[in-house]
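K.L.:
This is the structure, below, for whatever I ask next.
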Amino acid sequence: MTDETLDLAIIGGGPAGCTASIYATRYKLKHAMIADEFGGLMLNADVVENYPGFASIKGKELMGNFKAHLEALGGTAVQGRVESVAKRGRDFAVTTGTRSFLARSIIVATGSERRKLGVKGEEECADGYGVSYCAICDAAFFKNRVTCVVGGSDSAAKEALVLSRVAKKVYVIYRKGKIRAEPAMAERVYTCGNIEVIHNANVKEIVSDDDGMVCKVVLDNGSELETRGVFIDVGFIPRSDLAKGLGVELNDVGEIVVDADCKTNVAGIFAAGDVTSNTLKQAITAAADGARACWAAFQYVQAAGRTAHANPRRAGAHRFIFPGK
């Protein structure tokens, strides 16, 4: 594979990565946004009600708008999973399964993945046997059944509300005295007729029947709940392994440490969105991070006096290669 030289490689295609690509296109930086799936975790967001300009919008629709905006500007995107990033002189060698790039700067916008509960029976009942990490993906399989959601965050509350539309009963199991979702979201959960919140309890074991399907959960308070589905939403793990391999500083939970300009401790590497140490993990803040990170990367490349700049726009010069999206 022959390296293509870029001013900027953006790793990740969620709100942070896509916004960074929009800005990079406007700054005329020769760049590529590389993502294995455009949209990231936002594709699984049921209803987004805190993104300015949209009173209520599906996560998938919102990311469709991001994509349309980027396409209208002539932005570039590459579908693929980044397998490695390595320092090469003053630049960074970025490789996917089929392509390789030599980038003068990097924005890591790899987001996060759902954390597992780590209890007995969880692994055995995953992949179609009753344990799920996405209600918007799997709720339809539990029509008129009893289900439970483990967790008490804003996203866990949303999972419960999605399930409440189809399930006969939804238990929310949370380890503290009150779920910590946004007040408006928490109120919906507590007032929903077929949702019951069980406080101060943890799932100790997920039990399956003779067919291997979930049939109940055992709690650490000694009680058991019959359920056919267990939806786990107990936080996220930042996808920061690529950055760690480059000597980028991480905090004690694995998030990339950034300053107010989304700079890391390694010159030429910037980070944006849920993978960073920034506190609020939402689409609007991820988008803001992407804008800041791209501005900082632009300043870095300009200061080095080594910018390649994007080629003049011409018909067919820039295109998306996300088949089926």
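Take any residue in the sequence shown, note its place counting from 1, add 597, and you have its number in this note's numbering. A virtual CB, placed ideally from N, CA and C, is assigned to each residue, including glycine.
Tell me which residues share the same chain as E601 and place their Cβ nearer than 6 Å to its Cβ, disregarding the 5 neighbours each side in the sequence.
P.N.:
Cβ within range, chain order: F698.
K.L.:
Might you give, ordered along the chain, the residues of its own chain that have their beta carbon closer than 7 Å to the beta carbon of V845, omitting 5 neighbours on each side?
P.N.:
If we look at V845 and ignore the five residues flanking it on each side, its Cβ neighbours are I853, T861, N862, V863, I866.
K.L.:
Does the distance from the C-beta atom of A706 to that of V675 stay below 9 Å?
P.N.:
Cβ atoms of A706 and V675: not closer than 9 Å.
K.L.:
Near A893, what residues of its chain come up, given a Cβ to Cβ distance below 8 Å and the 5 sequence neighbours on each side ignored?
P.N.:
Excluding sequence neighbours, A893 sits near D858, C859, K860, F867.
K.L.:
Counting Cβ pairs, one atom from each stretch, are 3 or more of them under 8 Å apart for the region 640-651 and the region 794-809?
P.N.:
Contact fails: fewer than three Cβ-Cβ distances are below 8 Å.
K.L.:
Decide if D856 is buried, meaning its Cβ has at least 16 other Cβ atoms within 10 Å, or exposed.
P.N.:
Exposed, because fewer than 16 other Cβ atoms sit within 10 Å of the Cβ of D856.
K.L.:
By how many angstroms is the C-alpha of V800 removed from the C-alpha of N818?
P.N.:
The alpha-carbon atoms of N818 and V800 are separated by roughly 9 Å.
K.L.:
Checking 9 Å against the spacing of the C-beta atoms, do G656 and R678 come in under that value?
P.N.:
Contact flag unset, no.
K.L.:
For H717, is the classification buried or exposed, using 16 other Cβ atoms within 10 angstroms of its Cβ as the cut-off for buried?
P.N.:
The question names His, but residue 717 in the sequence shown is Lys. Classification of K717: exposed, given that the 10 Å Cβ count is below 16.
K.L.:
Which one of M639, Q899, R889, A642 has the shortest CA to CA distance from Y620?
P.N.:
Selected option, being the one with the closest Cα: R889.
K.L.:
Nearest to G610 by alpha carbon, out of F738, A884, V815, E784?
P.N.:
If we check each option's Cα against that of G610, A884 comes out closest.
K.L.:
Tell me the DSSP secondary structure of N908 in three-state form.
P.N.:
Residue placement at N908 cannot be trusted, given a pLDDT of 42 that sits under 50; the coordinates are not used to answer.
K.L.:
Only counting the same chain, and skipping five residues up and downstream in sequence, which positions put a Cβ closer than 6 Å to that of G748?
P.N.:
Once the five neighbours on either side are set aside, the close Cβ partners of G748 are D830, V831.
K.L.:
R701 and L605 - do their beta-carbons sit closer together than 9 Å?
P.N.:
Yes, these two residues count as a Cβ contact at 9 Å.
K.L.:
When the Cα atoms are used, what is the spatial distance from A690 to S750?
P.N.:
Roughly 38 Å between the two C-alpha positions.
K.L.:
Cα-Cα, which of N741, V872, C812, R623 is closest to A764?
P.N.:
Comparing Cα-Cα distances from A764 to each of N741, V872, C812, R623, the minimum goes to N741.
K.L.:
Just confirm the distance between the C-beta atoms of S618 and I608, as a whole number of angstroms; I'd bet it's less than 8 Å.
P.N.:
So it is not a contact: roughly 11 Å between Cβ atoms.
K.L.:
Comparing alpha-carbon positions, which option in V898, G887, P835 lies nearest E710?
P.N.:
Of V898, G887, P835, the residue nearest in Cα terms is P835.
K.L.:
Taking the C-alpha atoms as reference points, what is the distance between K766 and S681?
P.N.:
Rounded to whole angstroms, K766 to S681 spans 45 Å at the Cα level.
K.L.:
Expressed to the nearest angstrom, what Euclidean distance is found between the alpha-carbon atoms of K755 and T824?
P.N.:
Going from the Cα of K755 to the Cα of T824 covers about 19 Å.
K.L.:
Whose C-beta lies closer than 6 Å to the C-beta of E793 among residues of the same chain, with five residues either side of it excluded?
P.N.:
If we look at E793 and ignore the five residues flanking it on each side, its Cβ neighbours are Y768.
K.L.:
Could you tell me the alpha carbon to alpha carbon distance between A783 and I770, rounded to whole angstroms?
P.N.:
One C-alpha to the other measures close to 14 Å.
K.L.:
Under three-state DSSP, which class holds L822?
P.N.:
Of the three classes helix, strand and coil, the one that applies to L822 here is strand, per DSSP.
K.L.:
Quick check: what's the CA-CA separation for L603 versus E719?
P.N.:
Answer to the nearest angstrom: the Cα atoms are 43 Å apart.
K.L.:
At what residue ranges does the region 728-806 contain a whole run of the beta strand (DSSP E), taking only runs of 3 or more?
P.N.:
The qualifying runs are 743-747, 766-770, 792-795, 800-805.
K.L.:
Under 9 Å between the Cβ atoms of A778 and A753?
P.N.:
Cβ distance < 9 Å, so A778 and A753 count as in contact.
K.L.:
If you draw a straight line from the alpha carbon of K722 to that of V814, how long is it in whole angstroms?
P.N.:
Rather than Lys, the amino acid found at residue 722 in this sequence is Cys. Computed Cα separation, rounded: 12 Å.
K.L.:
What separation, rounded to the nearest whole angstrom, lies between the Cα atoms of S837 and L638?
P.N.:
Using only the alpha carbons, I get a separation of about 16 Å.
K.L.:
Using three-state DSSP, classify V831 as helix, strand or coil.
P.N.:
Of the three classes helix, strand and coil, the one that applies to V831 here is coil, per DSSP.
K.L.:
Assuming C781 and L760 make a contact with CB atoms under 8 Å, what is their CB distance in whole Å?
P.N.:
Sequence inspection shows Ala at residue 781; the Cys mentioned does not correspond to that position. Between L760 and A781 the Cβ distance is about 19 Å, and since that is not below 8 Å, they are no contact.
K.L.:
Measure the alpha-carbon distance for G774 versus T616 and round it to whole angstroms.
P.N.:
So the alpha carbons of these two residues sit roughly 38 Å apart.
K.L.:
What are the partner residues of R623, as DSSP defines its beta bridges?
P.N.:
In DSSP, R623 forms no bridge with anything.
K.L.:
Could you tell me how far apart the beta carbons of P612 and A880 are, in whole angstroms, since I believe they sit closer than 8 Å?
P.N.:
Sure, about 4 Å apart at Cβ, within 8 Å.
K.L.:
Which term fits A683, buried or exposed, when burial requires 16 or more other beta carbons within 10 angstroms of its beta carbon?
P.N.:
It is exposed - the Cβ of A683 has fewer than 16 other Cβ atoms within 10 Å.
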